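Q:
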Amino acid sequence: MAPKKPAGNDKEPNAKVKPAPPKKLEEPGYKQVLDKPLDQYSSFLETFELNKRKELLEKTRSPINVIQDQAATTLRSLEKTKESRVKHVFEFHSKFSLAMACLIFLFVGAPMGAIVRKGGFGWPLLISIVFFMLFIVISIFSKNIAERFVIDAILAAWMNCLVVFPMGLALTYWAMRDMGVSQIAEFFKFKWLSKKR
């Protein structure tokens, strides 16, 4: 008895079966339209199809906004860091400048007793207060302009000493020359002060 053929298989076993054609997969991304040389395009966006350009712009806008926000945050942080550094350097050097101010005011206060012979305690005290107020005002002013990055923090810390010290030297010089208030007033041509003395 001959073996039975399986039902539904009428083809010969040696016949070649043609494979099905592969499915065309759409490539991800966007089709570029390059119909002229690259140097003739004014923008990279022109190399893509018109209906895809808007979508591309929307997709690129989000990362750009994130980068811009990060850059703005970094700049704000950098400004705060710079300001903090200026404050630190100013406070560090101002401690030394205040210590030096003790010696500077020695050159201011001591000559006042020799220069102002008449008038008692009032004139030397008044002039010393004026010098002290000048010292404090210069300290505050220099600190403010240093925090605005106008001058260096080290220079700002020593500015008060640099202004008052020459004045103290001048007073010491006049005291050593045995000059009175009237002679100093004549030197600066303050006639109203020289007449009073």
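When you line the sequence shown up against this note's numbering, it's residues 1247 to 1443, in that order.
Beta carbons: idealized from backbone N, C-alpha and C, even for Gly.
This structure is a prediction, so every number in the text was calculated from the model and none was measured.
(1) To the nearest whole angstrom, what separates the beta carbons of L1302 and L1291, a pair I think is in contact under 8 angstroms?
(2) Buried or exposed: A1345, going by 16 or more other Cβ atoms within 10 Å of its Cβ?
(3) Mind checking whether S1374 and G1355 have CB atoms under 7 angstroms apart?
(4) Which residue comes first and which comes last in the alpha helix (DSSP H) that contains T1293?
(5) Check I1397 in the structure and name its three-state DSSP category.
(6) Looking only at its own chain, which residues have a Cβ that is under 6 angstroms from the Cβ of P1357, when we skip the five neighbours before and after it?
(7) Have a look at V1396 and L1324 and give me their C-alpha separation to the nearest angstrom.
(8) Of all the options A1392, F1378 and I1391, which has the alpha carbon lying nearest to the alpha carbon of V1409?
(9) Helix, strand or coil for Y1419? Go by DSSP, reduced to three states.
A: For this structure:
(1) Position 56 of the sequence shown, counting from 1, holds the residue named residue 1302. Position 45 of the sequence shown, counting from 1, holds the residue named residue 1291. The pair is a contact, with the Cβ atoms about 7 angstroms apart (cut-off 8 angstroms).
(2) Locating residue 1345 in the sequence shown gives position 99, counting from the first residue. Exposed, by the Cβ-count rule.
(3) Position 128 of the sequence shown holds residue 1374. Position 109 of the sequence shown holds residue 1355. It is a contact, given that the beta carbons lie within the stated cut-off.
(4) Along the sequence shown, one-based indexing puts residue 1293 at 47. Segment: none, T1293 is in no alpha helix (DSSP H) and carries neither H nor E.
(5) Residue 1397 sits at position 151 when you count from the first residue of the sequence shown. I1397: coil per DSSP, three-state reduction.
(6) Here the question's residue 1357 lines up with position 111 in the sequence shown. Cβ neighbours of P1357 beyond the five flanking positions: L1417, T1418 and A1421.
(7) Indexing the sequence shown from 1 puts residue 1396 at position 150. Indexing the sequence shown from 1 puts residue 1324 at position 78. Cα to Cα, the separation comes out at about 17 angstroms.
(8) Position 163 of the sequence shown, counted from the first residue, corresponds to residue 1409. Residue F1378 is the option with its Cα nearest to V1409.
(9) For this step, residue 1419 is matched to residue 173 along the sequence shown. Y1419: helix per DSSP, three-state reduction.
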